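>
Residue numbers (the numbering used here), protein chains in the order written: chain A, 102 to 675; chain B, 20 to 346.
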């Protein structure tokens, strides 16, 4: 069973291209890359000046109190952390439930802020011993015990739970050899085999109290209640509208500064933009259009902090290697030379994107900076294709070979995203050298179905990656559909070996070397043509202090992340 | 007349079954495996085939389409639309908790549109041809052509952001629970203003044009001339003789618009974050939440049928010719 860790960066419900899917750990998930940008056709005349914030006497010392108002791009599906699917579920759960390990700002596992004081890994890599913090408690006052962790693991792997997002991450878990010692707050989690990414998967393991969650129907009973070990507890949830959390007075760890978190559900991006300007919410993702048109206005810069950062996400063209034309690596590389990355970055994204050179983003430790980006050189493309026998023998402007014309079909997702413009740019570049590209626009789930089954010639979409760079689900030859997500049918024994090696190597330095090599191999083979990484744009109210970004995960879902924010006294709202 | 009513009801029942078949087939012919969305589109390869098959079996997705239809129809008859693929709650519950919100919004918008539009239409008919009537006709035409999402954005930008006199979105404020009874009503009313305007302005234009043309049609009839010849006042002519006859096409319009009271506000609900079934429908379609989509489609279909039945029954009240026809 595949244990991939990527998913398409689009939720059918979301509007811009960072949808609410979240860290999936080792589970196959795909969502399609949508990017809706709503055009703001509002009145363009001069806006009435917005009141700047009152000057603060001292804004460097964190103070306690206040309510942070955050936006959920869609309502959460559940408050049960084992059943969560979307990124919004995780936003709320990271406040309510503390995981076994946390991700730090560099997206590496750490014990800081987690339930664990220290941990050890056995020499054979199959046993992880966690020494839990004896002071850790759930919001009902009961202590976090080792047996609660075992209960949580058992629930995750239980098929009846349908914990689809996490089950794959712990499929190697060995319940027989796992030992929980409640008296000493120690748990030895045993696995059937060694797996290097396993440590990172523990950052998604949010233990739940057995005495609470063993009651009732696990799948449906916990949509409106939550008992967790996090710094906040649930006050109320109004489905479709909001979730209010309150800081626990009895929290056992480092208490966040602010008193309450109010999550408001706003699905429409434009409404959210208006809301953040008015102060109805404190932060929201903003679309590229809004960034371009509005972020430089001085009256807005007085009240909002405009942030731009890269995440673990890239756009790519997938080449189906079962197709006779695309099976040849030279053809793929030649076609890749027809992608004018600079033009895309400048014209399509106004400079807010950067080029990719392979399967890992520049923020990932697996990234190999020495792998060259394939240069834009259409003349070279034509030369290579001619050398391979593709000539325009019948003078119709399209290359052909053995009387068959060079036509390519590319599936993309419909909607207002950049997929359409990119495909059209590529189409016109290819037309110049004699390749005919047909663009097939599909809606989210139709695209998803064709993509997952490998039923396409080429495709354009984007992936959201996980902190652990293991790309087995995408590029290992054992992961052809329906087993996994290697839907381009890429097969290279060298890559297979490197992927397998990377999964078994626990020494971080050695792992880096393996993945850098893999990076070079994949970049050379071009199962995908990696195009660009698009930055995410965010608007945060200036009344929130200490808003920091992680290396690839944005503002949230790492430690301390939003738990470190604070609001000056003068700007605190109840 | 009784035969008319009975016949009408039978037609309604037959149409209902026909609609259910059409909806069912349409929804199931849309590409995209519902199971993939049921398990959140990530469990597809994480959960074993055995588990997925079990899920398929539980939702009858592995049976031939005719049997699936039979299962579903059985549920529909008992108001059991199954459970949503997304949050595993009964569809009826999901619809029920949001239906009042949509109804409030749409009914108020409808009443506003009718209360303003119909009198204006009648007034236009009385002053047909004059410059002021021409001007109003053009205005209404323009109004009707404006896309509702654009108007919504403009209204939000003007009243909520620039002038800051009305709330931006939602049905209630953050502090709603802390307000007393009177203030709660006022809060709800404030939140209704912008969405109602967005929904009503186009309907208004429609009502105005429709009632104008209905009355104009009637005024040309011979019996109007007779009434005038008999010496009836202009008002009596228009009201007693004209309007009642103009009612019949208006009832037709009512019959057509009533179903929109449930289904017509998808965009407005999306923009204003209104917790109605329009938004539910939209989300359910995108996520291939079959049970919810089917449930809502049936609800809308039933609403349409009832509305047209109501309209037909109202004809009986309004038009004596139908009453007498039955005899």
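Cβ atoms here follow ideal geometry from the backbone N, Cα and C, with glycine treated the same way. No experiment lies behind these values; they were computed from the predicted model shown.
Assign residue 326(B) to buried or exposed, taking buried as 16 or more other Cβ atoms, counted over all protein chains shown, within 10 Å of its Cβ.
buried
> Please state if the CB of residue 383(A) and the CB of residue 188(A) are separated by a distance shorter than 9 Å.
no
> When you compare the CB of residue 180(B) with every CB in chain A, is at least one pair closer than 9 Å?
yes
> In chain B, what lies closer than 7 Å to residue 367(A) by C-beta?
188, 292
> Are the segment 317-332 of chain B and the segment 268-277 of chain B touching by the rule of at least three beta carbon pairs closer than 8 Å?
Three or more beta-carbon pairs drawn from the segment 317-332 of chain B and the segment 268-277 of chain B are found closer than 8 Å, and the two stretches are therefore classed as touching.
> Verify whether the separation of the beta carbon atoms of residue 310(A) and residue 239(A) is less than 9 Å.
yes
> Report, in whole angstroms, the separation of the C-beta atoms of residue 120(B) and residue 308(B), which I expect to be a contact under 8 Å.
The pair is not a contact, with the Cβ atoms about 19 Å apart (cut-off 8 Å).
> Using alpha carbons as the reference points, say which of 176(A), 557(A), 612(A), 569(A) lies closest to residue 49(A).
Residue 49(A) is absent from the model: chain A starts at 102 and stops at 675.
> Answer with yes or no whether the minimum CB distance from residue 183(B) to chain A is below 9 Å.
Yes, its Cβ sits closer than 9 Å to a Cβ of chain A.
> Output needed for residue 555(A): all residues of its chain with C-beta closer than 8 Å, excluding positions within five of it in sequence on either side, in chain order.
Around residue 555(A): 421, 423, 581, 582, 588, 589, 590.
> Just how far apart, CA to CA, sit residue 176(A) and residue 438(A)?
Distance between the alpha carbons of residue 176(A) and residue 438(A) is about 42 Å.
> With contact counted as at least three CB pairs below 8 Å, one residue from each stretch, are the segment 298-316 of chain A and the segment 191-200 of chain A in contact?
yes
> For residue 643(A), collect the residues of the same chain with a Cβ closer than 8 Å to its Cβ; drop the 5 residues on either side in sequence, then sort them by chain order.
154, 403, 404, 405, 406
> Measuring only between beta-carbons, confirm whether residue 314(A) sits less than 9 Å from chain B.
no
> Please name the residue or residues paired with residue 387(A) in a DSSP beta bridge.
For residue 387(A), which the question treats as bridged, DSSP gives the partners 638(A).
> When you compare the CB positions of residue 169(A) and residue 645(A), do they come within less than 9 Å of one another, or not?
yes
> For residue 175(B), go through chain A and note every residue whose CB falls closer than 9 Å to its CB, in chain order.
143, 371, 372, 375
> Name, please, each residue of chain A whose Cβ falls closer than 8 Å to the Cβ of residue 99(B).
Correct list: empty, because the minimum Cβ distance to chain A is about 16 Å.
> Give me the Cβ distance between residue 164(A) and residue 670(A), rounded to the nearest whole Å; I'm assuming they're in contact under 8 Å.
The beta carbons of residue 164(A) and residue 670(A) sit about 5 Å from each other, so the pair counts as a contact at 8 Å.
> Which residues, taken in chain order from the segment 297-310 of chain B, show a beta carbon closer than 7 Å to some beta carbon of chain A?
302, 305, 306, 307
> Around the C-beta of residue 122(A), are 16 or more other C-beta atoms found within 10 angstroms, so that it is buried, or is it exposed?
Since pLDDT at residue 122(A) reaches only 34, below the 50 mark, its modelled position is unreliable, and the value read off the structure follows with that caveat. Burial call: buried.
> Classify residue 473(A): buried if its beta carbon has 16 or more other beta carbons within 10 angstroms, exposed otherwise.
Residue 473(A) comes out exposed.
> Any idea what DSSP makes of residue 332(A), helix, strand or coil?
coil
> Tell me the rounded alpha-carbon separation between residue 106(B) and residue 360(A).
30 Å
> In chain A, which residues lie with their C-beta within 9 Å of the C-beta of residue 289(B)?
368, 369, 372
> Who are the near neighbours of residue 373(A) in its chain, counting only those whose CB is closer than 6 Å to its CB and skipping five residues on each side?
In the same chain as residue 373(A), and ignoring 5 residues on each side of it, the C-beta atoms closer than 6 Å to its own belong to 172, 367, 385, in chain order.
> The alpha helix (DSSP H) spanning residue 603(A) covers which residue range?
594-605
> Using a Cβ-Cβ cut-off of 9 Å, state whether residue 546(A) counts as contacting chain B.
yes
> Is there a Cβ from chain B that is less than 9 Å from the Cβ of residue 179(A)?
yes
> Please identify the residue among 313(B), 290(B), 279(B), 183(B) whose C-alpha is closest to the C-alpha of residue 98(B).
313(B)
> If you drop the 5 nearest sequence neighbours on each side, which residues of the same chain put their C-beta closer than 7 Å to that of residue 656(A)?
639, 648, 650, 662, 663
> With 8 Å as the limit, tell me which residues of the segment 194-227 of chain B have their beta carbon closer than that to any beta carbon of chain A; keep them in chain order.
none
> In terms of alpha-carbon separation, which member of 609(A), 230(A), 512(A) lies closest to residue 286(A)?
230(A)
> Out of 497(A), 414(A), 204(A), which one is the CA nearest neighbour of residue 721(A)?
Residue 721(A) lies beyond the stretch modelled for chain A, which goes from 102 to 675, so this question has no answer here.
> For residue 630(A), collect the residues of the same chain with a Cβ closer than 8 Å to its Cβ; drop the 5 residues on either side in sequence, then sort them by chain order.
417, 418, 420, 433, 436, 437, 440, 475
> So for residue 88(B), helix, strand or coil by DSSP?
helix
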